[in-house]
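Participant: For the record, the sequence lines run as chains A and B.
Here the numbering used here is used: position 4 in the first sequence is 122, and no number is missing along the way.
Here the numbering used here is used: position 403 in the second sequence is 1759, and no number is missing along the way.
Glycine included, each C-beta is placed from N, C-alpha and C at the ideal position.
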Amino acid sequence: MRLRSRAGAGLAMAMALLVGGCQGGPKPPENLQVAIATGVGSDAVVRSSLQRLASQMATEFMRNNPGTNLHLRFLSEGELLPNLRDHSSLGAGPDVVISRVASAAKLSSEGLVVPSNLSPKELDPLRIQFLSRFRQGNRFAAIPFLLQPSLACYDRARLPTPPATLDALLSRAAEGVRVGLPLEMDELLWSASGFGASQPLLQLLEVDQKIRRPLNPTDRAKVLAWLGWLYRANVQPALQFVDSSDELVHKLATRQLDWISCNATAISHLRRNLGSRLAVALLPSGPDGQPAEPIARQLLLSFGRDSTPNQRRVAERFALFVLNDFSQNNLMVRAVGNMPVNQNVIVPVKESPQLATMERSLEASIVPSFLQGTGLRSRTEALRHLLKQDVYGEQPPDKVLQGIEALSNATP
Amino acid sequence: MTQLLYVIGGWIGLVSRGSVVLQVLVAVALLLSYRVWRFRGRGSRRPWRAVLAKVVLAALFGLASLLLPQLGMAGGLLGLFGQITAIWTALAALRLLLRRAADAEAVEAFWQRAVLPLFLVLLLLGLIHRLDGLEEIGRVPLLKLFDQQLSLANLLLVLGLPYFLVVLSELPVVLLGEVMGRLMGMGSGNRKALELITRYVLIGVGGIWLADRIGLNANAIAAIAGGLSVGLGFGIKEVFSNFVSGLWLLFEGSVHPGDVLILDGETCQVRKLGLRATTLWRDRDNAELVVPNQNFFTATATTYTGSDDRRRGQVLIGASYQHDPEQVIAVLEEVARAHPRVLTDPAPKAFLVDYGSSSIDYALRFWMADPMTNLGLSSELRRSIWHAFKEHGIEIPFPQRVVHQAR
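Here's what the structure looks like:
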């Protein structure tokens, strides 16, 4: 009993020290928790790229800010929300969250992250692209961090020149070039843009009733043309649809495929496997020359709700650090596949054809915001099922379209 | 080690937050109130009241965890404390029930050695998991062992698993032994041997799994074996010899717990077959003898429980020359047959064994089911023979010597 009483007294003393803070002596380091969502499900390629990138950022920030320790926690996009709910319920949520738009939107709507205290005066010099899309009153619900465009990745030893149009892609497949396409709506939507069907589909599938718009007869014709093209594509023996982008990357890396649509973050992994045989290009345009409009991935910075004022200050300092000209330039050069949001950074398009292609892809890309594009992510599985029915001919295109329209009316 | 301190530093950043500190203060206040109540002795003599108090404490934690979010503050930590208290309360109730149902001392020993340490370890791991994620911290490299990087998770396994393997395997193995014993009609000796072998197998498999888990390679194992062989040659030869003898005895089945042996002329029962030594119980003075296993391996062992449990006993008695041996033999056999603990098959038999200087000497041989009862049964038979001889007028003569004096 005496021992227990002493232990109790010790605990009380420790608590008093914790609450009161130690006076004098060297200042203890400030510890910051950074949660990083590393992609969806089996997105192993993206995950390893993001982990490397985050570790680089953290090391450089700590080198420039002695007395600050960053603790990185890597989670999949699927784990992020439950994990943050759990930690925030304890009062131990992260100080900074790096995630894609869909996750950041959910975190914001549940109040698990709070708007930034960074003022326009602090952010304006950085000329951050797409920042205004995340404005909430005078503050920003999240801050764009990096852009990851979609491209065509191919084996130049098998395919000297990439197909410029969707029809050319089918022709090359008919000649025996092995082509791979993903059965994920957000990764495949670029092919719909060639038919002018991507914007109508995006608007149809929006969650927010204010911006959701049903298809008119013209739009229906465009979507049906695209669904017909998908079916014709799958008739080609050399063209295959696979369930995930990760599988596509794996198949190109192991030379089972010659041409795939890919995210730029896969380049370093592919380069390690294919070496100089890897080439990247813009995704093929439509039959009438309409440019492909892929959905670019965008990473956002959000701020946790449980931070102490000091932790919050350090978190915002970290945000400004990773957004400054130096860091953004560094990330673009060292973490292949990532493009800066800081418009002060000059992309060396003349020196690097790869960066030039990424820059051009971004110019045509659809960049999602909290309001736009999240409807696709929340209906991934149902849309994959409908796309499968179309490409395998289980349902005619008009029935598949009816299914998409029915899905758009249902709550995700 | 630096990385571990770095990770722990991260927790300080989390627990120093106002919302966490507030929850910890509320928890400490509730715990102190509970301790004060216990200290005043109200709960000490009534264990079920203490359990009830713990239920109230868990409910208060739960209530506080619901109230704080209403005030815009996090309350999950208090909810977690409530869950822990609820689990601890359930365990405390189970402990009380087990103490009633089974041997209280055995339950207490198992509780102190297994349940309590396991609960504390799981509690600590659970808290770390909720705070930071076990996988992350488990991967922190700590030191190198035989060219293999030993992570924190593996180090904890190396330190904790052997203890829990030894302690926790005890109860399930006994239960398994009882089930198998009933299903297969095993005797207690065979059952205990099965339990012991199963336990060694569990510990062995656990050890191999642990070696594999921490990435101990074949070279490292060879190095350990080399070191051990030198150690065995010098210092621990006897220990190893006893260990191997114990295993051999189990597999051979020549000595089981429950067997009755003769050691130095004394009847003893095998109580426990241990790793190094066998514990025997000596009936004569209720002593426990710890005998190194290799004694059974290298010397002759006499057992009454090898192929069956029956033992033959013998009582020697002398009767006067004047009595017809046929009558004496009939009386002796009648006495033995009348005793309830003397087996009827094989039937007791009396023999005329010698013409002594003072008496004709007889031997009454009889069989008993429990070899440990020889002394008591022989004593009872001798008493019965005295009464039977008196009844039949048979004299048990004193030693006689006829002295002839020369004229």
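For the beta strand (DSSP E) holding SER420(A), just list the boundary residues, first then last.
Facilitator: Looking at the DSSP string, the run of the beta strand (DSSP E) that includes SER420(A) is 415-422.
Participant: Between GLY1366(B) and chain A, is the shortest Cβ-Cβ distance under 8 angstroms, so that the two count as touching?
Facilitator: With 8 angstroms as the cut-off, GLY1366(B) counts as an interface residue toward chain A.
Participant: I'd like the list of long-range same chain contacts for PHE179(A), defined as Cβ closer than 8 angstroms, with 5 residues on each side in sequence excluded.
Facilitator: Cβ within range, chain order: THR186, LEU188, PHE436, PHE439 and VAL440.
Participant: Listed in chain order, which residues of the stretch 414-431 of chain A have Cβ atoms closer than 8 angstroms to some Cβ of chain B?
Facilitator: So the list reads ASP424, SER425, THR426 and GLN429, given in the order they occur along the chain.
Participant: Cβ of VAL1376(B) less than 8 angstroms from any chain A Cβ?
Facilitator: It does; some Cβ of chain A falls within 8 angstroms.
Participant: When the Cα atoms are used, what is the spatial distance from SER363(A) to LEU299(A)?
Facilitator: Each residue's Cα considered, the two are about 8 angstroms apart.
Participant: With 16 other CB atoms within 10 Å as the buried threshold, where does PRO1613(B) fall?
Facilitator: So PRO1613(B) counts as buried.
Participant: Along the stretch 177-195 of chain A, what residues have a CB closer than 8 angstroms to any CB found in chain B?
Facilitator: Against chain B - using a Cβ distance shorter than 8 angstroms - the residues of the stretch 177-195 of chain A are ASN187, HIS189 and ARG191.
Participant: Roughly how far, in whole angstroms, is the beta-carbon of LEU269(A) from the beta-carbon of ALA399(A), given that I think they are within contact range, below 8 angstroms?
Facilitator: Indeed, because the Cβ distance is near 7 angstroms, the residues count as touching under 8 angstroms.
Participant: When you compare the CB of ASN460(A) with every CB in chain B, is at least one pair closer than 8 angstroms?
Facilitator: So no, ASN460(A) is outside the interface.
Participant: Specify the secondary structure class of THR283(A) as computed by DSSP and reduced to three states.
Facilitator: Correct three-state label for THR283(A): strand.
Participant: Tell me which residues share the same chain as PRO1425(B) and place their Cβ nearer than 8 angstroms to its Cβ, disregarding the 5 neighbours each side in the sequence.
Facilitator: Closer than 8 angstroms at Cβ, skipping near neighbours: GLY1431.
Participant: Looking at C-beta atoms only, is the number of pairs between the stretch 1590-1610 of chain B and the stretch 1627-1635 of chain B that lie closer than 8 angstroms three or more?
Facilitator: At 8 angstroms Cβ cutoff, the stretches touch.
Participant: Pick from VAL1382(B), TYR1677(B), SER1610(B) and ILE1368(B): whose alpha carbon is nearest that of THR1661(B)?
Facilitator: For the residues VAL1382(B), TYR1677(B), SER1610(B) and ILE1368(B), the minimum Cα distance to THR1661(B) belongs to SER1610(B).
Participant: For chain B, check one thing: does any of its Cβ atoms lie closer than 8 angstroms to the Cβ of MET311(A)?
Facilitator: According to the sequence displayed, residue 311(A) carries Ser and not Met. By this cut-off, SER311(A) is not an interface position.
Participant: In the DSSP assignment, find the beta strand (DSSP E) that holds HIS189(A) and state where it starts and stops.
Facilitator: HIS189(A) -> beta strand (DSSP E) spans 186-193.
Participant: List the whole-angstrom C-beta distance separating SER311(A) from GLU411(A), where the pair is believed to meet the contact cut-off of C-beta under 8 angstroms.
Facilitator: Yes, SER311(A) and GLU411(A) are in contact; Cβ-Cβ is about 4 angstroms, under 8 angstroms.
Participant: Under 6 angstroms Cβ to Cβ from GLY1435(B), same chain only, skipping five residues before and after it: list those, please.
Facilitator: Only SER1421 meet the Cβ criterion.
Participant: Start and end of the beta strand (DSSP E) containing LYS328(A)?
Facilitator: Note, LYS328(A): premise wrong, no beta strand (DSSP E); not H, not E.
Participant: Against chain B, with Cβ distances strictly below 8 angstroms, would CYS140(A) count as a contact?
Facilitator: Confidence in CYS140(A) is poor, its pLDDT being 45 and thus under 50, which makes the residue's placement unreliable; the coordinate value appears in the next sentence. Cβ-Cβ to chain B under 8 angstroms: no for CYS140(A).
Participant: Identify every run of the beta strand (DSSP E) within the stretch 1627-1675 of chain B, keeping only runs that are complete inside it and at least 3 residues long; order them along the chain.
Facilitator: Listed in chain order, the complete beta strand (DSSP E) runs (minimum 3 residues) inside the stretch 1627-1675 of chain B are 1633-1638, 1643-1648 and 1667-1675.
Participant: Strictly by DSSP, which residues pair up with LYS1500(B)?
Facilitator: Note: LYS1500(B) sits in a beta bridge opposite GLN1505(B).
Participant: Between the C-alpha atoms of PHE1754(B) and VAL1535(B), what's the straight-line distance to the nearest angstrom?
Facilitator: Rounded to the nearest angstrom, the two C-alpha atoms are 59 angstroms apart.
Participant: List the residues of chain A that GLY1489(B) touches, going by C-beta distances under 7 angstroms, in chain order.
Facilitator: Ordered by position in chain A, the residues that pass the 7 angstroms Cβ test against GLY1489(B) are ARG191.
Participant: Counting contacts by CB-CB distance shorter than 8 angstroms, is GLY1494(B) in contact with chain A?
Facilitator: With 8 angstroms as the cut-off, GLY1494(B) does not count as an interface residue toward chain A.
Participant: Taking the Cβ atom as the reference point for each residue, do VAL219(A) and ALA153(A) lie within a distance shorter than 8 angstroms?
Facilitator: No, they are not a contact pair.
Participant: Would you list the residues sitting across from TYR1718(B) in a DSSP beta bridge?
Facilitator: Beta-bridge pairing links TYR1718(B) to ILE1673(B) and LEU1708(B).
Participant: Leaving out the 5 sequence neighbours to the left and right, which residues in its chain are closer than 6 angstroms to MET175(A) when beta-carbon positions are compared?
Facilitator: VAL440, listed in sequence order.
Participant: In chain B, what lies closer than 8 angstroms to GLN151(A) by C-beta?
Facilitator: Within 8 angstroms Cβ-Cβ: GLY1366, GLY1369 and LEU1370.
Participant: Out of GLU302(A), ASN352(A) and CYS271(A), which has the shortest C-alpha to C-alpha gap to ALA371(A)?
Facilitator: Taking only the C-alpha atoms, the option nearest ALA371(A) is CYS271(A).
Participant: Going along chain A in order, which residues have a C-beta closer than 9 angstroms to the C-beta of GLY1432(B)?
Facilitator: Residues of chain A passing the Cβ test: ASP204, HIS205, SER206, SER207, LEU208, GLY209 and ALA210.
Participant: If you compare alpha carbons, which of GLN266(A), GLN374(A), LEU190(A) and LEU342(A) is closest to GLN520(A)?
Facilitator: That would be LEU342(A), whose Cα lies nearest to the Cα of GLN520(A).
Participant: Do you know offhand how far LEU171(A)'s Cα is from LEU501(A)'s?
Facilitator: If you take the alpha carbons of LEU171(A) and LEU501(A), they lie about 31 angstroms apart.
Participant: Quick one: Cα of SER160(A) to Cα of LEU333(A), how far?
Facilitator: Only weak support exists for where SER160(A) lies, its pLDDT of 46 falling under 50; the coordinates are left without a value.
Participant: Give a yes or no on whether the minimum CB-CB distance between TYR1362(B) and chain A is below 8 angstroms.
Facilitator: So yes, TYR1362(B) belongs to the interface.
Participant: Within 10 angstroms of its Cβ, does SER237(A) collect 16 or more other Cβ (buried), or is it exposed?
Facilitator: Exposed, by the Cβ-count rule.
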